[in-house]
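Chains as they are written, first to last, in our numbering: chain A, 1401 to 1724; chain B, 1401 to 1724; chain C, 1401 to 1724; chain D, 1401 to 1724.
4 protein chains.
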Amino acid sequence: MPENCFDVAHLGHVELLTDKPVESLDFFVNVYGLTESGREDNSVYLRAWDDYEFHTLKLTASKTTGVGHVAYRTASPEALQRRVDVIERMGCAIGWVDGDMGHGKAFRFHDPDGHVFELYYDTKRYVAPPAERPALKNLAQRYHGRGAAVRRIDHLNLLAKDVSAIRDFMAQALGSRVTEQIQLDNGRLGGCWFTVNNKTYDIAYTEDHSDMSGRFHHVTYAVDCREDVLRAADIFLENGVFIETGPHKHAIQGTFFLYVYEPAGNRVEVANAGARLILDPSWETVTWTETERKKGQAWGLPTIPSFHSHGTPPATAAVDKQEK
Amino acid sequence: MPENCFDVAHLGHVELLTDKPVESLDFFVNVYGLTESGREDNSVYLRAWDDYEFHTLKLTASKTTGVGHVAYRTASPEALQRRVDVIERMGCAIGWVDGDMGHGKAFRFHDPDGHVFELYYDTKRYVAPPAERPALKNLAQRYHGRGAAVRRIDHLNLLAKDVSAIRDFMAQALGSRVTEQIQLDNGRLGGCWFTVNNKTYDIAYTEDHSDMSGRFHHVTYAVDCREDVLRAADIFLENGVFIETGPHKHAIQGTFFLYVYEPAGNRVEVANAGARLILDPSWETVTWTETERKKGQAWGLPTIPSFHSHGTPPATAAVDKQEK
Amino acid sequence: MPENCFDVAHLGHVELLTDKPVESLDFFVNVYGLTESGREDNSVYLRAWDDYEFHTLKLTASKTTGVGHVAYRTASPEALQRRVDVIERMGCAIGWVDGDMGHGKAFRFHDPDGHVFELYYDTKRYVAPPAERPALKNLAQRYHGRGAAVRRIDHLNLLAKDVSAIRDFMAQALGSRVTEQIQLDNGRLGGCWFTVNNKTYDIAYTEDHSDMSGRFHHVTYAVDCREDVLRAADIFLENGVFIETGPHKHAIQGTFFLYVYEPAGNRVEVANAGARLILDPSWETVTWTETERKKGQAWGLPTIPSFHSHGTPPATAAVDKQEK
Amino acid sequence: MPENCFDVAHLGHVELLTDKPVESLDFFVNVYGLTESGREDNSVYLRAWDDYEFHTLKLTASKTTGVGHVAYRTASPEALQRRVDVIERMGCAIGWVDGDMGHGKAFRFHDPDGHVFELYYDTKRYVAPPAERPALKNLAQRYHGRGAAVRRIDHLNLLAKDVSAIRDFMAQALGSRVTEQIQLDNGRLGGCWFTVNNKTYDIAYTEDHSDMSGRFHHVTYAVDCREDVLRAADIFLENGVFIETGPHKHAIQGTFFLYVYEPAGNRVEVANAGARLILDPSWETVTWTETERKKGQAWGLPTIPSFHSHGTPPATAAVDKQEK
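As structure tokens, then:
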């Protein structure tokens, strides 16, 4: 395990950009099932019913789509400082910011592909107003059952030109472990799954075949069981949401998945990992070859071509043509 | 969070004593769905299909029932030494042992109620023989679908006279966090749920009302979904296994549970926690009052009286009479 | 099989009386998940999202609770007339009525305990308004996912002083088959489950121990899977609905059940029967003895005492005291 | 509804031909989860754990694959005679046979594409030997949990050159109702789903694009929930069974499906229909256009090309080439 691998506690939130803010918000609240915590400037702060923090999704009106920034919460103020020291030495620091509505000061930095990350410790815990108080006090909010009613933020997936560079970067910057990866025949890494805790992954990177950088692949919230994913498929179907692929089970990580595009085109997933956790402190990275990946998903579903090309903001048509 | 709270990685295994070794083994293999890894002396080593270690259950023929010892794996050799130092200072050390078939040297100690624990780092990873190799390489063993087909060890529950003493002890010895607890009106703790990682709990203690010590309440393996728990209920029913209570959902921790007695009388659980994890590094213990506990389980099922009295080895009839 | 046992096609609708019409309606629409079709006089007409008829529940404001009437649809106009002839000969006819908002003329009659039944053929098919049109044209209405989102009416349960008399009556009047029954040690029938089609039962009668007649036990809507029943339990919990018992599996008929009281006190069930059907034309009634019934439900849950006493309208306290 | 549409009670059994009898039997017993009832000549008689008859699958060693015959049970001896009279008038009768191990005399006839059908009433009810007796007396056999552990036979699908001719034939010969169908742009029927009872379908026919006749598409057994289908996918994956497509949900009929090839190449399905039934006696056929069918399955999965070409016995390569 990387040194101080416990400094970072968990994925905190993702800022998503949308050029259809009204439609995107309606999707996330009424179809996906998040709850609004607050608004500020061009952003709406959202969270799932068992997310303990003020927000886990910051939806920001923009002239484009994709990811604004990605935030992780550290295990302590000291751990935050240790990470800042490391990141400053790595030369990718942006610097301190005051923090969003949902947390205190945060330290920002770039990954090698240009995505913006931040680390913070001080957070604003969600306090349920009376109408949202759960019947059982160990839940953050009542189970409202609205839309897909996802339970908590799970992970995100970013695109990057050089996944190998990302692998080194994430281990160094966040102390992340690589739980699974795809080794292409050409020597490059096709994809890499990272975790800072016992989840099987909290972030994944897959290779971007476009000439763009800093692109976003998808963000995922977890539900309690596979039936919830199947139910979400019907919810999406009845609400006219574009279903890209699934429900099916990934060979890699074994996640039961369902991918849709929210109205602005950002890919969003509903997923369930069953009882799978990475508890082994000496877990050895599982490496999938290109041949193995070509077998498709766990039960044989071919991976849909758009999964390898569609990211946000969208690439040019010229680039997309190269994909198939 | 307690200092060095990441020294201990996870619950490793539980040694269970049985005075009906043949019947117990048949139950664990053919009905509960564990797989035998090996045998030595009076013990059979067992594991669930996605347990990565050689064994997670050591079933030992004995003249009585209950727990032999409980083992946790540390995050590193250094973490093991740090824990040993702490435990020796605490004055509850037993000392080093060579280790079972499934792992290297281990350091043993007592909890305040007399249960034997051990810590180890060196482990023997399970290597699936050809017939047990999984179709997907990120699983420890093929999903065989035999019996309840539980996936991995989850937690255990021990009885103790003084749960408050245990609360302090576990924080100090293992760096465990208390995720939930029951505060009785008489000022004592009725129960306490601990974790060393992101699982909601890996061990629980509840108050022993008998005059015995070192008793065992239950051990639990996780399945991927609640449907698996319901299916297990049918498997148990058809195999003549005594079902004590469930399936239902605990108010505390929200676990979907099913409790049965294996042939020798030890209580065994099949459970599912959904997507619930404790990711918050500043999680505040959830405290349930006696009044709240009296409401029963999540959906109103009264807690069965035997849940407060039945432990192994069994208490005397005189003591049991006090329970109701 | 009884002669002309195919004359009656299926349970059509149930009229439920409520002395808390506003609260009951809110429960049925927002928590249970029915959709309003229309209103007339003191009644609101409701249906589940895959019920093909205009209504399957008629909720009528009243000064008491219980059942107004129970309606079955016949297989054809000729079948309706055949049944009318039989029922007139039986001497329990009430006569023709014009029919509710949801169907044409209906023929009314009494069962031996005084419950009012009606038979009709002409029906008003539900036509989904644009906002309720399903994505798949073989569904009656879109899957809205609101509340427990039950799929279709399944069965009801009535109380009667003399279940044996009911057994003969239902075979004669409706051509119902008895799929399962409870034979008490005292020679009386404790309960009887009937069907006119391939469902395992569409109506059940259990013995009324009060001195009242014409009482109602519960009405049930079906969901697609047991996970839907578990999800409904959380929906009820979060909405403050009284959960009487469940989720659990009945030994009799194997139904996975969950019983709650709607705000006025009428018992309502959410249930799933899995893939179980009665396809055998020579099905022999399964008879459960009193001893077998005392074993409780399928996985050992004791039958809750109120299940044998609570009906609507409620019996007097004096009578209730006799129940335990 | 067709006259005397209740003469035929349900699909009884399917005879499947295999040129790999040992491998096919191992698949059906240990992977699919059927139980052997007996053997005679080149056939093994099999049934699912809740099938009430002696057998629902007759597996016959042969030099080819495909379907031997398809059997329906009538509602009574009189109904059998009525059907025989009709079929003899239709000119497609083969005549009486003594019946298999599992039932009495049967009347055989041909459908327009040359498939052999039979009707029978006298049946041999399955009597569970002690080791297979269920804990609950309303089940045919204990839930053994072996392999995919399918519950009961559900339906089959045959290929035919002229589906329109089949539509008329099934209504006339069996009194079947057409619940759903596919209307191609060229005026032909692409597929037709029939039922004789409240199931949504017990047989389907789809157009055979080869120059062969009497071919078989698939046979299906039902499980209790969609989780059982997902679990079956893992069972198939771990046992090296070829998964053709699924799990996913059909747009037509809404069935949650999973298709595999048993070792000899016959297509076999595991499916769940949820709580969907056709209770309406005046059900109007749902007609899907070619455009609608091109949308793929319910959640967007494209229909796999082999679904339109692979049947047993296999067509010649020349014919297969025309398919795409």
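Glycine included, each C-beta is placed from N, C-alpha and C at the ideal position. Note that the structure is a prediction, hence the values are computed from the model and not measured.
By DSSP, does Ala1571(D) sit in helix, in strand, or in coil? Position 171 of the fourth sequence, counted from the start, is the residue given in the question as residue 1571(D). Three-state result, Ala1571(D): helix.
Smallest Cα separation from Gly1590(D): which of Lys1694(D), Thr1716(D), Ala1448(D) and Lys1458(D)? Against the fourth sequence, residue 1590(D) aligns to sequence position 190. Ranking Lys1694(D), Thr1716(D), Ala1448(D) and Lys1458(D) by Cα distance to Gly1590(D) puts Lys1694(D) first.
Kindly say whether His1410(C), judged by its beta-carbon, lies nearer than 7 Å to any beta-carbon of chain D. Translated into positions along the third sequence, residue 1410(C) becomes position 10. Chain D, which has a Cβ nearer than 7 Å to the Cβ of His1410(C), makes this yes.
Taking 7 Å as the threshold (beta carbon to beta carbon), is Tyr1543(C) in contact with chain A? One-based indexing of the third sequence puts residue 1543(C) at position 143. Yes, contact with chain A.
Backbone CA spacing between Glu1692(B) and Asp1554(B) [nearest angstrom]: Looking up residue 1692(B) in the second sequence gives position 292. Looking up residue 1554(B) in the second sequence gives position 154. About 26 Å.
Tell me where the beta strand (DSSP E) around Pro1647(C) begins and ends. The sequence position of residue 1647(C) within the third sequence is 247, counting from 1. Taken as a continuous stretch (DSSP letters only), the beta strand (DSSP E) holding Pro1647(C) covers Phe1642 to Lys1649.
DSSP state of Gln1481(A), grouped into three classes? Position 81 of the first sequence, counted from the first residue, corresponds to residue 1481(A). Looking at Gln1481(A) - three-state DSSP - the assignment turns out to be helix.
Closer than 7 Å to chain C by CB, Asp1624(D): Against the fourth sequence, residue 1624(D) aligns to sequence position 224. Asp1624(D) counts as touching chain C.
Residues near Thr1716(D) by beta carbon distance below 6 Å, same chain, minus five either side: The residue given as residue 1716(D) occupies position 316 in the fourth sequence. Same-chain partners within the cutoff: there are none.
Between Ala1535(D) and chain B, is any beta-carbon pair separated by less than 7 Å? Position 135 of the fourth sequence, counted from the start, is the residue given in the question as residue 1535(D). At least one chain B Cβ lies under 7 Å of Ala1535(D).
As a quick exercise: from Gly1700(A), His1410(A), Ser1462(A) and Met1490(A), pick the residue whose alpha carbon is nearest that of Ile1652(A). Residue 1652(A) sits at position 252 when you count from the first residue of the first sequence. Of Gly1700(A), His1410(A), Ser1462(A) and Met1490(A), the residue nearest in Cα terms is Gly1700(A).
Test item: CB-CB of Thr1600(B) and Arg1676(B) under 7 Å: Your numbering for residue 1600(B) matches position 200 in the second sequence. Your numbering for residue 1676(B) matches position 276 in the second sequence. Cβ atoms of Thr1600(B) and Arg1676(B): closer than 7 Å.
Are Thr1725(D) and Leu1519(D) closer than 7 Å when you measure CB to CB? Not covered by the structure: residue 1725(D). The range shown for chain D is 1401 to 1724.
By how many angstroms is the C-alpha of Arg1483(A) removed from the C-alpha of Arg1631(B)? If you number the second sequence from 1, residue 1631(B) lands on position 231. If you number the first sequence from 1, residue 1483(A) lands on position 83. Taking the straight line from one Cα to the other gives about 46 Å.
If you count every other CB in all the chains shown that lies within 10 Å of the CB of Trp1593(B), and 16 or more means buried, which is it? Within the second sequence, the letter at position 193 stands for residue 1593(B). Buried, since its Cβ has 16 or more Cβ neighbours within 10 Å.
Report yes if the CB atom of His1515(D) is closer than 7 Å to the CB atom of Gly1614(D), and no otherwise. As a first step, residue 1515(D) is located in the fourth sequence; it is residue number 115 there, counting from the start. As a first step, residue 1614(D) is located in the fourth sequence; it is residue number 214 there, counting from the start. Against a cut-off of 7 Å, the Cβ pair of Gly1614(D) and His1515(D) comes out as a contact.
Is Asn1557(A) near Cys1625(A), with beta carbons less than 7 Å apart? Mapped onto the first sequence, residue 1557(A) falls at position 157. Mapped onto the first sequence, residue 1625(A) falls at position 225. No, the Cβ-Cβ distance between Asn1557(A) and Cys1625(A) is not below 7 Å.
Could you check if Ala1531(B) is buried or exposed, using at least 16 other CB atoms within 10 Å of its CB as the buried criterion? Counting from 1 along the second sequence, the entry for residue 1531(B) is found at position 131. It is exposed - the Cβ of Ala1531(B) has fewer than 16 other Cβ atoms within 10 Å.
Is it true that the CB of Gly1696(B) sits closer than 7 Å to the CB of Pro1705(B)? Position 305 of the second sequence holds residue 1705(B). Position 296 of the second sequence holds residue 1696(B). Result no, Cβ atoms of Pro1705(B) and Gly1696(B) do not sit closer than 7 Å.
Counting only Cβ pairs nearer than 7 Å, list the residues of chain B close to Gln1572(A). The residue labelled residue 1572(A) in the question sits at position 172 within the first sequence. By Cβ distance, chain B contributes nothing, its closest Cβ being about 19 Å from Gln1572(A), past 7 Å.
Count the other CB atoms, across all protein chains shown, that sit within 10 Å of the CB of Val1563(C); report buried if there are 16 or more and exposed otherwise. Within the third sequence, residue 1563(C) is the residue found at index 163, counting from 1. Classification for Val1563(C): buried.
Excluding sequence positions up to five away, which residues of its chain have a Cβ less than 6 Å from the Cβ of Ile1494(D)? Locating residue 1494(D) in the fourth sequence gives position 94, counting from the first residue. The answer, listed in chain order, is Arg1508 and Phe1509.
If I'm right that Tyr1521(D) touches Leu1480(D) with Cβ under 8 Å, what's the distance once you round it to whole angstroms? Taking the first residue of the fourth sequence as 1, we reach residue 1521(D) at position 121. Taking the first residue of the fourth sequence as 1, we reach residue 1480(D) at position 80. Confirmed, about 5 Å.
First through last residue of the alpha helix (DSSP H) which encompasses Glu1423(B): Here the question's residue 1423(B) lines up with position 23 in the second sequence. Glu1423(B) -> alpha helix (DSSP H) spans Pro1421 to Asp1426.
Residues of the region 1685 to 1701 of chain A with a CB closer than 9 Å to any CB of chain D: list them in chain order, please. Ala1698, Trp1699, Gly1700 and Leu1701
I think Arg1667(A) touches His1609(A), with their Cβ atoms under 8 Å apart; what is that distance to the nearest whole Å? Here residue 1667(A) refers to the residue found at position 267 of the first sequence. Here residue 1609(A) refers to the residue found at position 209 of the first sequence. Wrong, their Cβ atoms sit about 16 Å apart, outside the cutoff.
Can you tell me whether Pro1713(A) is buried or exposed? The criterion is at least 16 other CB atoms within 10 Å of its CB, across all chains shown. Reading the first sequence from its first residue, position 313 is the one you call residue 1713(A). Under this definition Pro1713(A) is a buried residue.
For the region 1567 to 1582 of chain A and the region 1633 to 1643 of chain A, state whether three or more C-beta atom pairs, one from each stretch, are separated by less than 8 Å. no
Ala1633(C) CB to nearest chain B CB: under 7 Å? Position 233 of the third sequence holds residue 1633(C). Yes - at least one Cβ of chain B is within 7 Å of the one on Ala1633(C).
With a threshold of 6 Å on Cβ separation, who are the neighbours of Val1686(C) within its own chain once the five nearest residues in sequence on each side are excluded? Stepping through the third sequence from its first residue, residue 1686(C) is reached at position 286. Answer for Val1686(C): Glu1580, listed in chain order.
Presumed contact (8 Å Cβ cut-off) between Asn1757(B) and Leu1679(B), rounded CB distance: In the structure as shown, chain B begins at 1401 and stops at 1724. Residue 1757(B) is therefore absent and cannot be evaluated.
Mind pulling the chain D residues with CB within less than 7 Å of Glu1627(A)? Taking the first residue of the first sequence as position 1, residue 1627(A) is located at position 227. The contacting residues are Arg1626 and Glu1627.
Quick test of the definition: if touching needs 3 or more C-beta pairs under 8 Å, does the region 1636 to 1656 of chain A touch the region 1524 to 1539 of chain B? yes
So is Thr1523(B) buried or exposed if we call it buried at 16+ other beta carbons inside 10 Å? One-based indexing of the second sequence puts residue 1523(B) at position 123. It is buried - the Cβ of Thr1523(B) has at least 16 other Cβ atoms within 10 Å.
My output table needs one value for His1510(C): the three-state DSSP class, helix, strand or coil. Walking along the third sequence from the start, residue 1510(C) turns up at place 110. Looking at His1510(C) - three-state DSSP - the assignment turns out to be strand.
Would you call the CB atoms of Glu1415(B) and His1469(B) closer than 7 Å? Counted from its first residue, the second sequence places residue 1415(B) at position 15. Counted from its first residue, the second sequence places residue 1469(B) at position 69. Yes, they are a contact pair.
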